[in-house]
Structure formats: structure tokens, C-alpha cells
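Numbering (this note's numbering), first residue to last: 841 to 953.
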Amino acid sequence: IRGTLMDQETGEELLIDDKPVTAEAEFTPEETSGTTELTFTFNAEALAGKTLVVFEEILYKDQVVASHREISSDPQSIYFPQIGTSATDGEDGDQEILADSEVTIKDTVSYEN
């Protein structure tokens, strides 16, 4: 079985260091239905806010005999959240606070995906 990570937004293969992210595993089915796992290992530091989708192919004697390639498939999707914050003065909303005995800082957290 062979898997490839795809960028859902572009529909293209995910490239890390200019190389596609793939995984392969050999397996011999023991029953007519079952599961097996593929493990993808890669640096995900630059993927905040992205959604990846796994495409798979089953090969027999180097020929594709089955595939699952749906870019909008939720069960095949992996979500990488993006998060950010913005701290402001709780009194007037700017980003300058006097060193008083009591201050209020308002921190707004934004997230997506």
C-alpha cells in the first residue's frame, strides 16, 4: 500500500524540502476485509492553518489495483490549527500599560482550522 499527503487547498502533493511526503507498507490480507496502517514522518512546522488529505493506492505486482483519492474526504483529512494572540491594555485598548499597582491585560486568542 502506498500513501501520499495532499494539500487540500491546492490539490497538489505536499512538498517538504521540495520532496513529496509519502509512506509505504507491505501487507498480506488474511481476510476479505480489514485494516492496515501507514505512518508518515515529516516536519510539520510550516503547516499551521493547512488541511492535508491522504491518498492511497493498493498495488499488486507493481500495478495499482485499488485507490482512494478524494481531496474533500473528511475521514482522510488531517487538520493543522493556526493560533495567534493579541494583548492590549484592558482600560483603553492600546498596547501601552503603566506600571501601576493593578493593571488589566486583555489577551484575544484567534484560531482557525
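Beta carbons: idealized from backbone N, C-alpha and C, even for Gly.
**Q.** Paired residues, beta bridge with Phe-895 - DSSP
**A.** Thr-844
Q | First and last residue of the uninterrupted beta strand (DSSP E) at Asp-814 | A | Only positions 841 to 953 of the chain appear in the structure, and residue 814 is not among them; the question remains open.
Q: Go ahead and pull the three-state DSSP assignment for Gln-922.
A: strand
**Q.** Cβ-Cβ separation, Ser-926 to Thr-948 (assumed contact under 8 Å), whole Å
**A.** 5 Å
Q: Can you say whether Val-893 is buried or exposed, counting buried as having 16 or more other CB atoms within 10 angstroms of its CB?
A: buried
**Q.** Pairwise C-alpha distance: Glu-931 and Thr-850
**A.** 43 Å
Q. Can you tell me whether DSSP reads Gln-916 as helix, strand or coil?
A. helix
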